[in-house]
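Engineer:
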Amino acid sequence: MEWWKLGILALVQGLTEFLPISSSGHLVIVEGLLFEHSDFFLRLSIALHAGTLVSILIYYHKAILYSVLQKPRVMGLIIAATIPTAIFGFTLKAIGEAYLESPFLAGCMLPITGLILIAAMKRPEGTIEYDGLTYLKAIVIGIAQSFALLPGISRSGTTIATGMALGLKPQAAGTFSFLIAIPAILGATVVEFLGSDASPAETSQAFLFQLTGAALFACVVGLFALKWLDNWLESRQLHYFAYWCIGLGFLVLIWQTYLLY
Numbered sequence: 237m238e239w240w241k242l243g244i245l246a247l248v249q250g251l252t253e254f255l256p257i258s259s260s261g262h263l264v265i266v267e268g269l270l271f272e273h274s275d276f277f278l279r280l281s282i283a284l285h286a287g288t289l290v291s292i293l294i295y296y297h298k299a300i301l302y303s304v305l306q307k308p309r310v311m312g313l314i315i316a317a318t319i320p321t322a323i324f325g326f327t328l329k330a331i332g333e334a335y336l337e338s339p340f341l342a343g344c345m346l347p348i349t350g351l352i353l354i355a356a357m358k359r360p361e362g363t364i365e366y367d368g369l370t371y372l373k374a375i376v377i378g379i380a381q382s383f384a385l386l387p388g389i390s391r392s393g394t395t396i397a398t399g400m401a402l403g404l405k406p407q408a409a410g411t412f413s414f415l416i417a418i419p420a421i422l423g424a425t426v427v428e429f430l431g432s433d434a435s436p437a438e439t440s441q442a443f444l445f446q447l448t449g450a451a452l453f454a455c456v457v458g459l460f461a462l463k464w465l466d467n468w469l470e471s472r473q474l475h476y477f478a479y480w481c482i483g484l485g486f487l488v489l490i491w492q493t494y495l496l497y
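Heads up: the sequence shown is residues 237 to 497, going by the working numbering.
(1) Report the three-state DSSP secondary structure of leucine 404 (helix, strand or coil).
(2) Grab me the residues of threonine 411's own chain with a C-beta within less than 8 angstroms of its C-beta, minus the 5 sequence neighbours each way, in chain order.
(3) Is there contact between the segment 380-391 and the segment 443-458, where contact requires at least three CB pairs shorter than 8 angstroms?
(4) When DSSP labels each residue in this structure, what does isoleucine 294 get in the three-state scheme?
(5) Over what stretch of residues does the alpha helix (DSSP H) that includes leucine 487 continue unbroken?
(6) Taking all protein chains shown into account, do 16 or more other C-beta atoms lie within 10 angstroms of the C-beta of isoleucine 490, making it buried, or fewer, making it exposed?
(7) Please state whether the Cβ-Cβ distance between serine 258 and glutamate 428 is less than 8 angstroms.
(8) In whole angstroms, give me the CA-to-CA distance for histidine 285 and threonine 395.
(9) Using only alpha-carbon positions, find the residue among Gln249, Cys455, Glu253, Leu484 that is nearest to glycine 350.
(10) Would you check if there are 3 or more beta carbon pairs closer than 8 angstroms linking the segment 363-380 to the segment 308-321?
(11) Out of curiosity, what's the CA-to-CA distance linking tyrosine 371 and leucine 495?
(12) Taking 8 angstroms as the cut-off, decide whether the C-beta atoms of alanine 342 and valine 456 are in contact.
(13) Mind checking valine 310: buried by the 16 CB within 10 Å criterion, or exposed?
(14) For leucine 385, I'd like the list of residues in its chain whose CB is within less than 6 angstroms of its CB, leaving aside the five on either flank, ordered along the chain.
(15) For a quick check, are the C-beta atoms of isoleucine 418 and leucine 301 less than 8 angstroms apart?
(16) Judging by CA-CA distance, which residue of Ala478, Phe414, Trp239, Ser382 is the nearest neighbour of isoleucine 323?
(17) Just the Cα atoms here: how many angstroms apart are tryptophan 348 and glycine 362?
(18) What's the C-alpha gap between arginine 472 and methionine 357?
(19) Within 10 Å of its beta-carbon, does lysine 405 have 16 or more other beta-carbons around it, so buried, or fewer, so exposed?
(20) Figure out for me which residue from Leu369, Ile244, Glu337 has the closest Cα to the Cα of leucine 270.
(21) State the beta-bridge partners of isoleucine 364 as determined by DSSP.
(22) Please classify phenylalanine 254: does DSSP put it in a helix, a strand, or coil?
(23) Could you give the DSSP three-state label for proline 347: helix, strand or coil?
(24) Under a three-way DSSP split, which group does glutamate 238 fall into?
(25) Thinking C-beta only, is leucine 313 closer than 8 angstroms to proline 353?
(26) Expressed to the nearest angstrom, what Euclidean distance is found between the alpha-carbon atoms of glycine 399 and leucine 474?
(27) How about alanine 461 and leucine 255: do their beta carbons lie closer than 8 angstroms?
(28) Just reading off the alpha helix (DSSP H) that alanine 374 is part of, what are its end residues?
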């Protein structure tokens, strides 16, 4: 695969994995616009998700150490939030995996993400830190995360909005959103890797070098995106991302309708 194509996909993944605009939706759209579908995309997707997972581990290393060493209860909250995501994820993958690669579905779901963000910004600011969540509230946030398996539904946007609706401070909602992203992204990456059969071309030294480069680029872009999102959360201006999701969603629907006729 050409390096410039890898760069585009890594840039899109690094930005949209963390900004509340849906990485899966944007990757499906970019793939549909610029590339012919290929089995190479499965391995590439695994590498890009691994890169952004490293971004979370670096950016939130203090919160992770705090959760493990000083607040073991937070680990319980993360597990509680992960359970509904795992159940819904395996179910959706089993019954509707083909739909998860549909640009048309992404176009339908992106405006929903936009409306979720607008609704979140209209709520009064919460007062709870993420370690003050109840287990029930953590499960509710986990259920919200499970819907992000649909292309166009932003994982970060949905979980942050749900956390804020449950009384979390905006930045606390962001932190908890990415703490529960660790097992979600790691689990999805492992499942995809174990379920894929690599061709000889996919195990070549050149292709593995490309995957490594794409993952590193996605990681670096992801770190900038996380810092950017933190600033947006502090200023409570997520509605700008909402306008992007709504506008892009309608453009994608027009594009997909045109292809049908």
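Glycine included, every Cβ here is placed at the ideal spot set by N, Cα and C. Since the structure is predicted, the reported quantities are computational estimates derived from the model, not experimental observations.
Structural biologist: So, to answer that:
(1) It is a strand residue.
(2) Residues of the same chain with a CB within less than 8 angstroms of the CB of threonine 411, apart from the 5 flanking positions on each side, are Tyr296, Ala299, Tyr366 in chain order.
(3) Contact between the segment 380-391 and the segment 443-458 is absent, because fewer than three Cβ pairs lie under 8 angstroms.
(4) Here DSSP, grouped into helix, strand and coil, assigns isoleucine 294 to helix.
(5) Counting along the chain, the alpha helix (DSSP H) containing leucine 487 begins and ends at 475-496.
(6) With fewer than 16 other beta carbons inside 10 angstroms of its own, isoleucine 490 counts as exposed.
(7) Not a contact, by the Cβ cut-off of 8 angstroms.
(8) Near 18 angstroms, if we compare the C-alpha coordinates of threonine 395 and histidine 285.
(9) For the residues Gln249, Cys455, Glu253, Leu484, the minimum Cα distance to glycine 350 belongs to Leu484.
(10) Short answer: they touch.
(11) Approximately 46 angstroms, taken between the alpha carbons.
(12) Between alanine 342 and valine 456, the CB-CB gap reaches or exceeds 8 angstroms.
(13) By the 16-neighbour rule on beta-carbons within 10 angstroms, valine 310 is buried.
(14) So the qualifying residues of the chain are Gly325, Leu328.
(15) No, the pair does not count as a contact, with Cβ atoms beyond the cut-off.
(16) For the options Ala478, Phe414, Trp239, Ser382, the alpha carbon positioned closest to that of isoleucine 323 is the one of Ser382.
(17) It should be pointed out that residue 348 corresponds to isoleucine in this sequence rather than to tryptophan. If you take the alpha carbons of isoleucine 348 and glycine 362, they lie about 23 angstroms apart.
(18) A direct Cα-to-Cα measurement between arginine 472 and methionine 357 gives close to 7 angstroms.
(19) Buried.
(20) Taking only the C-alpha atoms, the option nearest leucine 270 is Ile244.
(21) For isoleucine 364, which the question treats as bridged, DSSP gives the partners Leu404.
(22) Coil at phenylalanine 254, not helix or strand.
(23) The DSSP-derived three-state label of proline 347 is helix.
(24) Three-state DSSP puts glutamate 238 in coil, outside helix and strand.
(25) The amino acid at residue 353 is misidentified as proline; the sequence shows leucine. For leucine 353 and leucine 313, no; Cβs fall outside 8 angstroms.
(26) When rounded, the distance between both Cα atoms is 14 angstroms.
(27) Yes, these two residues count as a Cβ contact at 8 angstroms.
(28) Annotation: the continuous alpha helix (DSSP H) that includes alanine 374 extends over 371-382.
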